[in-house]
Amino acid sequence: GQNIDQPTEMTATEGAIVQINCTYQTSGFNGLFWYQQHAGEAPTFLSYNVLDGLEEKGRFSSFLSRSKGYSYLLLKELQMKDSASYLCAVRDRRELSFGAGTTVTVRA
Amino acid sequence: GAVVSQHPSWVICKSGTSVKIECRSLDFQATTMFWYRQFPKQSLMLMATSNEGSKATYEQGVEKDKFLINHASLTLSTLTVTSAHPEDSSFYICSARGTSGGSSSYEQYFGPGTRLTVT
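Just so you know, the sequences run in chain order A and B. Quick note, the first sequence lines up with residues 1 to 108 if you use the working numbering. Quick note, the second sequence lines up with residues 1001 to 1119 if you use the working numbering.
Structure (structure tokens):
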């Protein structure tokens, strides 16, 4: 299985930038995912990294370093609607395992 | 993106009864479906993985006789919680992965979840 760590909570101001770090330990790495989950709803896909480097998609970017077992999700120009839980998930050969999630609160 | 539906979205049942939750991939064929459970303020915990036409693979600590999974077709999987108890109250989420090609081959698409409350 995987051991996935990410901060529990983060707070930022509207318009600011927040970086959510995720470290993991796994055997047979086969991709890292970031999901957004609003309270009471299912996760929605944000990004996928399988090779080292930065993937940019609009206001959201995700970075991966396989040698360090490290990823981050960068949220730019924060909006109130970005208040949610952000889940780091790692796939090995068989399954997708989730971190506990980071609750991001955006304040006006 | 691909769409996964779940039914019902919420259900309340009495202790000792059984509840069936359906998960459907609406616009793609899902060779593999996953069932997760999420307790409040906790992460998703994988319960079982099912491949179409074969028996589900359950995670350690998940009772296969209590949580019956059927994946009879490439677009439908069902989870039946048998003899439900209050501690089974949770948010159950299914996820589906496509057959081949395109983003659906690596990405898991999640259903909207089913909130089960056992009284």
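Every residue, glycine too, gets a C-beta built ideally from N, C-alpha and C. Quantities reported herein were computed from a predicted structural model and do not represent experimental measurements.
Would a check of beta-carbon distances place residue i closer than 8 Å to chain A?
i         : result
B/Thr1031 : no
B/Gly1113 : yes
B/Glu1052 : no
B/Ile1093 : yes
Whole angstroms is fine: what's the gap from residue i's alpha carbon to residue j's?
i         : j         : result
A/Ala89   : A/Leu73   : 12 Å
A/Pro7    : A/Gly99   : 10 Å
B/Glu1059 : A/Ala108  : 42 Å
B/Val1062 : A/Ala16   : 42 Å
A/Arg94   : A/Val50   : 15 Å
B/Thr1119 : B/Ala1084 : 9 Å
B/Leu1079 : B/Ile1021 : 5 Å
B/Phe1067 : A/Tyr24   : 29 Å
A/Ser71   : B/Glu1107 : 18 Å
A/His38   : B/Gly1098 : 24 Å
B/Ser1009 : B/His1071 : 19 Å
A/Met10   : A/Asp82   : 12 Å
B/Pro1040 : A/Gly101  : 12 Å
For chain B, find out if any of its Cβ atoms is closer than 8 Å to the Cβ of residue i; answer yes or no.
i       : result
A/Pro43 : yes
A/Tyr48 : yes
A/Phe98 : yes
A/Leu73 : no
A/Gly53 : no
A/Leu32 : no
A/Leu64 : no
According to DSSP, is residue i helix, strand or coil?
i         : result
B/Glu1022 : strand
B/Leu1074 : coil
B/Gly1102 : Annotation note: pLDDT 44 at B/Gly1102 (below 50); position unreliable, coordinate value reported separately. In the structure shown, B/Gly1102 sits in coil (DSSP, three-state: anything other than H, G, I, E or B).
Could you tell me how far apart the beta carbons of residue i and residue j are, in whole angstroms, since I believe they sit closer than 8 Å?
i         : j         : result
B/Ala1096 : B/Ala1030 : 4 Å
A/Lys76   : A/Arg59   : 5 Å
B/Ser1090 : B/Arg1037 : 5 Å
Write down every uninterrupted run of the beta strand (DSSP E) in the region 3-83 of chain A whose length is 3 residues or greater and which is fully enclosed by it, in chain order. 3-5, 9-13, 18-25, 32-37, 44-49, 53-57, 60-65, 70-75
Runs of beta strand (DSSP E) lying entirely within the region 1042-1067 of chain B, each at least 3 residues, in chain order: 1045-1051
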